[in-house]
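Visitor: Protein chains in written order, with my numbering: chain U, 1 to 562; chain E, 1001 to 1110.
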Amino acid sequence: MTSEHTTASLPKARTGIDGFDDVTFGGLPTGRPSLVCGAAGCGKTLFATTFLVNGATLYDEPGVFMSFEERAEDLSANVASLGYDLDGLMAAGKIAVDHVKVERSEIEETGEYDLEGLFIRLGYAVDTIKAKRVVLDTIETLFAGLSDAAVLRSELRRLFGWLKDRGLTAIITGERGEGQLTRQGLEEYVSDCVVLLDNRVEDQITTRRLRIVKYRGSAHGTNEYPFLIDEQGISVLPVTAADLSYKVSNEIVSTGVESLDAMFGSGGLFRGSSVLISGSAGTGKTTISSHTIDAACARGEHCMSFVFEESGEQICRNAHSVGLDLRRHLDAGLLRFEAARPSLYGLEMHLARMHRDIEQFRPSVVVIDPISALRGPEVELQATLLRMVDMLKARGITAVFTSLRTDGAFGQSDDLGLSSLMDVWIKLQDIEANGERSRTLYVIKARGMSHSNQVREFQMSAAGLKLVDAYIGPAGVLTGTARIVQEAQEEAAALRRQQDSERRKRDVTRRRQSIERQIAELRDSLETAEEEETLLLDEDTQRETMLTIKRTDIARRRSAAE
Amino acid sequence: MSGGGANAPDPAEYQLRLFIAGTSPRSQRTIENLRRICREHLADRHSLVIVDIYQQPELAEAAQVVAAPTLLKLTPEPLRRIVGDLSDEARVLRGLGVYPLPRGGDGSSI
């Protein structure tokens, strides 16, 4: 928002230097001179040359390089190492180089003079190739060749005014002086934009830094930004985006280990999340990250791995032992390893290098293995990591960091500091018991999704990675053979319990049968009793009948006797 | 102004090029000063070419001219650049490697 606003109000000329145009929200002020100053060897000439070459090649703005120190041949030889074909551009009329030689011993001053010769040469070169950009490197050399400082100062002031009048976007380089930015105080004349380059050595490691001291009429980043000069030119690393306004993705990507994916509620990681895999040496951090790489490349995504302790070749070979063929991804151009010793650069440089490589390769998955190899003062380390995570998040890159967690007093705080930046923390642990070592894995946190709280044992074999549910029971968490033994014991106990219960079942059956038998007997005796009862009843009836019959008979006989 | 051909050796002992920027009073003054010095000290021993760098800017680059005016002494060796309006005659002569002859001492020059 700010950048659009400022570009609207103040036209800017892009330098084409990675990161610098971001820091300045668009580049150097168009049609005005800018001062680039710094001590010897800090990259002023290179910065200026890059500005010109990019102008000529990328933005169709030819440029004049007025060199007060180096000859044209030396200049083009120096920048050839960066892949700039200065000779070709000169032949094509895109760049003109004028070497201004001022030799004190040849010069005798006899009265009034001005620097009209310089103006005319510059004007002539500008007109010849219709230049839009100008570099004056390093104009203060004039003060060594000519003694009339008052004339030089007023002429320089006139020169900068002249550049402005002609609408030329110019870089004036200046050597760092005592107590001021440049030896001759050029910053007084060139007041629109001042860039300070610095080359500092700390703990035997050099870090180049760039700062925009002032930029009239424009917002700009005010921090010191590390920058990098290597065979690919200059790149500046914009430090942190101040706000945490990333676009977040709901897309789920696999970790490459099926059973690990299953530990997350959503079946994988959110794209663009940062994952920390921590564990001591040999717990399988690299192996898990290799799976993640493999899965990403298999999806056809670009994947970049920054390795600090092994070479890319070595990782490929080792991954092969768990059945992963990373080499085919390398060959297909989907995977890139960037291996460097941590001590090769300072933290800032590592960051700048990563930034540049990521900008070029545009990976969707980045592995940093191990992040704990980066050493430095704790504050700086924390800041660097923060920016690294930031940079990756801002680009929606899924990042896997491995870390050698050193349990105990030192390193703990680092680790906690790191883990709070992470969205997902997978912890690997060695468990040593019963004379063997087994690897366990658990998920400590996973922002934005439910995850398994269980400890899993994980096994690495030629068939790949496999997670096994660890034994969790009254005897604690058991892994390895202890788990197998425990499982066998449990099985035996279960068998015993089963046998017990069967015996009890049989007992019950037996008892039931005996009771049923008793019931049957009782029923029998009941029936007998009933039968007897019936019999007795019958007899009674018969007797009654007989009695009745007899009585009737007697009566009849009595009547007959009458 | 002798020796017109580009590669032809200039027979004059002192070959001089004066680079001026336009016809400003300073340019005029410089030319006058130089003519006078040449007349007094280098009569018949020099050749002089006056270049207006506004007219021929490419020559300014070729001759490594920065300041204007600049008097370039090509021969005799070593090469010298004398900048300024040549008002300080002693310094001009020193730059040219010419020392006032003894006979010049009894009359005209300093």
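Where a beta carbon is used, it is the ideal one built from N, C-alpha and C, also for glycine.
Using 8 angstroms for Cβ pairs, my map puts residue 400 (chain U) next to residue 367 (chain U). What's the rounded Cβ distance?
Guide: So it is a contact: roughly 5 angstroms between Cβ atoms.
Visitor: Could you list which residues in chain E have their beta carbon closer than 9 angstroms to that of residue 157 (chain U), in chain order?
Guide: Residues of chain E passing the Cβ test: none, with the nearest at roughly 16 angstroms.
Visitor: How would you list, in chain order, the residues of chain E whose beta-carbon sits under 7 angstroms from the beta-carbon of residue 121 (chain U)?
Guide: Result: 1057, 1060, 1061.
Visitor: Anyone know if the C-beta pair for residue 1059 (chain E) and residue 1065 (chain E) falls short of 9 angstroms?
Guide: Closer than 9 angstroms, so yes.
Visitor: What residue ranges within the stretch 56-131 of chain U form continuous alpha helix (DSSP H) runs of no fewer than 4 residues, ordered along the chain?
Guide: Segments of the alpha helix (DSSP H) lying fully in the stretch 56-131 of chain U: 72-80, 86-91, 116-129.
Visitor: Are the C-beta atoms of residue 1070 (chain E) and some chain U residue less than 9 angstroms apart?
Guide: Answer yes: the Cβ-Cβ gap between residue 1070 (chain E) and chain U drops below 9 angstroms somewhere.
Visitor: Could you say which of U:288, U:313, U:226 lies nearest to residue 387 (chain U) if we only look at CA atoms?
Guide: Of U:288, U:313, U:226, the residue nearest in Cα terms is U:226.
Visitor: Between residue 130 (chain U) and chain E, is there a C-beta pair that is closer than 9 angstroms?
Guide: So no, residue 130 (chain U) is outside the interface.
Visitor: Compute the Euclidean distance between the alpha carbons of residue 549 (chain U) and residue 558 (chain U), then round it to the nearest angstrom.
Guide: Each residue's Cα considered, the two are about 14 angstroms apart.
Visitor: With a threshold of 16 other CB atoms inside 10 Å of the CB of residue 1077 (chain E), please say whether the residue is buried or exposed.
Guide: By the 10 Å Cβ count, residue 1077 (chain E) comes out exposed.
Visitor: Smallest Cα separation from residue 42 (chain U): which of U:34, U:327, U:207?
Guide: When each option's Cα is compared against that of residue 42 (chain U), the closest is U:207.
Visitor: I'd like the ranges of any beta strand (DSSP E) spanning at least 3 consecutive residues and lying wholly in the stretch 259-309 of chain U.
Guide: If we require 3 residues or more, the beta strand (DSSP E) runs fully inside the stretch 259-309 of chain U come out as 274-278, 303-307.
Visitor: Is it the case that the Cβ atoms of residue 51 (chain U) and residue 24 (chain U) are separated by a distance below 9 angstroms?
Guide: Cβ atoms of residue 51 (chain U) and residue 24 (chain U): not closer than 9 angstroms.
Visitor: Tell me, which residues are paired with residue 471 (chain U) by DSSP?
Guide: Per DSSP, U:478.
Visitor: For the beta strand (DSSP E) that residue 437 (chain U) lies in, which residues bound it at each end?
Guide: First-last of the beta strand (DSSP E) with residue 437 (chain U): 436-446.
Visitor: Only counting the same chain, and skipping five residues up and downstream in sequence, which positions put a Cβ closer than 7 angstroms to that of residue 408 (chain U)?
Guide: Model confidence at residue 408 (chain U) stands at a pLDDT of 36, short of 50, so the residue's coordinates are unreliable; what they give is reported in the following sentence. Answer for residue 408 (chain U): no residue qualifies.
Visitor: Express the C-alpha separation of residue 478 (chain U) and residue 471 (chain U) in angstroms, rounding to a whole number.
Guide: Going by the C-alpha atoms only, they are around 5 angstroms apart.
Visitor: Considering residue 316 (chain U), what are the terminal residues of the alpha helix (DSSP H) in which it resides?
Guide: Residue 316 (chain U) -> alpha helix (DSSP H) spans 312-320.
Visitor: Do we get a CB-CB distance below 9 angstroms when we pair residue 109 (chain U) with the residues of chain E?
Guide: Yes, residue 109 (chain U) counts as interfacial toward chain E.
Visitor: Which residues in the same chain have their Cβ closer than 8 angstroms to the Cβ of residue 1053 (chain E), if we skip the five residues on either side of it in sequence?
Guide: Within the same chain, residue 1053 (chain E) has close Cβ partners 1019, 1020, 1021, 1059, 1060, 1065, 1068.
Visitor: Do the stretch 32-40 of chain U and the stretch 108-123 of chain U meet, that is, are 3 or more Cβ pairs less than 8 angstroms apart?
Guide: No, because fewer than three Cβ pairs between the stretch 32-40 of chain U and the stretch 108-123 of chain U fall closer than 8 angstroms, the two stretches do not touch.
Visitor: What residues match up with residue 460 (chain U) in a beta bridge as DSSP calls it?
Guide: The partner list for residue 460 (chain U) (beta bridge, DSSP) reads U:465.
Visitor: If we define contact as Cβ-Cβ less than 9 angstroms, is residue 1047 (chain E) a contact residue for chain U?
Guide: So no, residue 1047 (chain E) is outside the interface.
Visitor: By Cβ distance below 6 angstroms, which residues in the same chain neighbour residue 429 (chain U) in space, the five residues on each side in sequence not counted?
Guide: If we look at residue 429 (chain U) and ignore the five residues flanking it on each side, its Cβ neighbours are 440.
Visitor: Strictly below 7 angstroms CB to CB, what residues from chain U border residue 1036 (chain E)?
Guide: Neighbours of residue 1036 (chain E) on chain U: none; closest Cβ ~13 angstroms, over 7 angstroms.
Visitor: Does the stretch 278-295 of chain U touch the stretch 348-364 of chain U, meaning 3 or more C-beta pairs lie closer than 8 angstroms?
Guide: Cβ pair count under 8 angstroms is below three, so no.
Visitor: Taking 9 angstroms as the threshold (C-beta atoms), are residue 289 (chain U) and residue 311 (chain U) in contact?
Guide: No, Cβ-Cβ distance for residue 311 (chain U) and residue 289 (chain U) is not below 9 angstroms.
Visitor: Nearest to residue 275 (chain U) by CA position, among U:64, U:35, U:418, is which residue?
Guide: Ranking U:64, U:35, U:418 by Cα distance to residue 275 (chain U) puts U:418 first.
Visitor: Please give the ranges of any alpha helix (DSSP H) in the stretch 1017-1091 of chain E, keeping only runs that are unbroken, at least 4 residues long and fully inside the region.
Guide: If we require 4 residues or more, the alpha helix (DSSP H) runs fully inside the stretch 1017-1091 of chain E come out as 1025-1041, 1057-1062.
Visitor: Check whether the stretch 213-231 of chain U touches the stretch 185-196 of chain U, counting contact only when three or more Cβ pairs, one atom from each stretch, lie closer than 8 angstroms.
Guide: Enough Cβ pairs lie closer than 8 angstroms, so yes.
Visitor: By the DSSP assignment, the alpha helix (DSSP H) with residue 1012 (chain E) in it spans what residues?
Guide: Counting along the chain, residue 1012 (chain E) falls outside any alpha helix (DSSP H), and DSSP gives it neither H nor E.
Visitor: State yes or no: is the beta carbon of residue 113 (chain U) nearer than 9 angstroms to at least one beta carbon in chain E?
Guide: Taking Cβ atoms only, chain E reaches closer than 9 angstroms to residue 113 (chain U), which makes this a yes.
Visitor: In this structure, how does DSSP classify residue 455 (chain U) when only helix, strand and coil are distinguished?
Guide: Reduced to three states, the DSSP call for residue 455 (chain U) is coil.
Visitor: Assuming residue 1116 (chain E) contacts residue 1030 (chain E) under a Cβ cut-off of 8 angstroms, what Cβ separation, rounded to an integer in Å, is found between them?
Guide: The question about residue 1116 (chain E) has no answer, for chain E in this structure spans 1001 to 1110.
Visitor: Tell me the rounded alpha-carbon separation between residue 432 (chain U) and residue 346 (chain U).
Guide: The alpha-carbon atoms of residue 432 (chain U) and residue 346 (chain U) are separated by roughly 37 angstroms.
Visitor: Leaving aside the five residues before and after residue 1097 (chain E) along the sequence, list all residues of the same chain whose C-beta is less than 6 angstroms from its C-beta, in chain order.
Guide: Same-chain partners within the cutoff: there are none.
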